[in-house]
Amino acid sequence: LLSPEHKVALNDMTLKPRLANEDMLNKILDEVSNPNRCSCGQIAPKEYEADTSCCARGSQLAYTWRTNGSLEVRLDGRLMDSFDDVEIGRGIFYEYLRMDDPMSVEARENFSLGMPHILWDRYKNDVIANPSL
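Following this line, the structure appears as C-alpha cells:
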C-alpha cells in the first residue's frame, strides 16, 4: 500500500538532520542501555561521539494517525515529522500489521497492547464533544 513516493517521503524524514535534544544527549551518554552511543540520526556535539546510523535498543518509534487524516511520527516522544497524505497512514499500518511480511513481527504482536489507550482516548474525545453520552 505504500507507494514508492510514500517510501521516499518516510525515508527522507528519517535522514533529515536534526540536532539531538537533551533527552537524546542523555541517552547517548547512557553506557548501560546504549553502549554504542546510538543517536537515531540525531546530531550531537562531537564530544558525545554519537553514532547517527543506529538507534539504541528500546527506542520508541510511534505513529499517530490523527482524526484529520494526518500521520505524526515521533521518536522517543519527539515529533519528527507530520504527513498530510492519508494514504501514508493507511500504508504504514498495513505494513506493520500484515500477516505475510510485516515491517516488524514484534510490533505486530504487541500492537494490541496499545488498543485500550487508543479506545480510551477516542471515548474521552467523544464525551467531550457530546456530553450526553
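Whatever position you read off the sequence shown (first residue = 1), add 99 for the numbering used here.
We treat Cβ as the ideally placed atom computed from N, Cα and C, and that holds for glycine.
According to DSSP, residue i sits in a beta bridge with which residue or residues?
| i | result |
| --- | --- |
| Phe-182 | Leu-170 |
| Ala-161 | Arg-173 |
| Cys-154 | In the DSSP output, where bridge partners are listed per residue, Cys-154 has none listed. |
| Leu-118 | Ile-142 |
Rank the options by C-alpha distance to the C-alpha of residue i and give the top, closest one.
| i | options | result |
| --- | --- | --- |
| Val-107 | Asn-167, Ile-191, Ala-149 and Phe-210 | Ile-191 |
| Cys-153 | Thr-166, Met-123 and Ser-181 | Met-123 |
| Arg-177 | Ser-158, Arg-197, Leu-101 and Ser-102 | Ser-158 |
| Asn-41 | Met-179, Glu-148 and Leu-109 | The structure shown does not extend to residue 41, since the chain is modelled only from 100 through 232, so no value can be given for it. |
| Ile-127 | Ala-206, Asp-175 and Asn-110 | Asp-175 |
| Asp-183 | Ala-206, Leu-170, Val-204 and Tyr-193 | Leu-170 |
| Met-179 | Pro-103, Leu-100, Leu-101 and Leu-109 | Leu-109 |
| Asn-133 | Met-198, Ala-155, Met-202 and Pro-103 | Ala-155 |
| Thr-113 | Val-131, Ser-102 and Ser-181 | Ser-181 |
Can you give me the Cβ contacts of residue i inside the same chain, cut-off strictly under 6 Å, excluding the 5 residues immediately before and after it?
| i | result |
| --- | --- |
| Gly-168 | Val-185 |
| Ala-161 | Arg-173 |
| His-105 | Ile-187 and Gly-190 |
| Arg-264 | Since the first residue shown for the chain is 100 and the last is 232, residue 264 is missing from the structure and cannot be characterised. |
Less than 9 Å between the C-beta atoms of residue i and residue j, yes or no?
| i | j | result |
| --- | --- | --- |
| Ser-138 | Asp-150 | yes |
| Thr-193 | Phe-210 | Per the sequence presented here, residue 193 reads as Tyr, with Thr not at that position. Their beta carbons are not under 9 Å apart, which means Tyr-193 does not touch Phe-210 by this criterion. |
Three or more C-beta pairs under 8 Å: does that hold for the region 117-127 against the region 142-153?
yes
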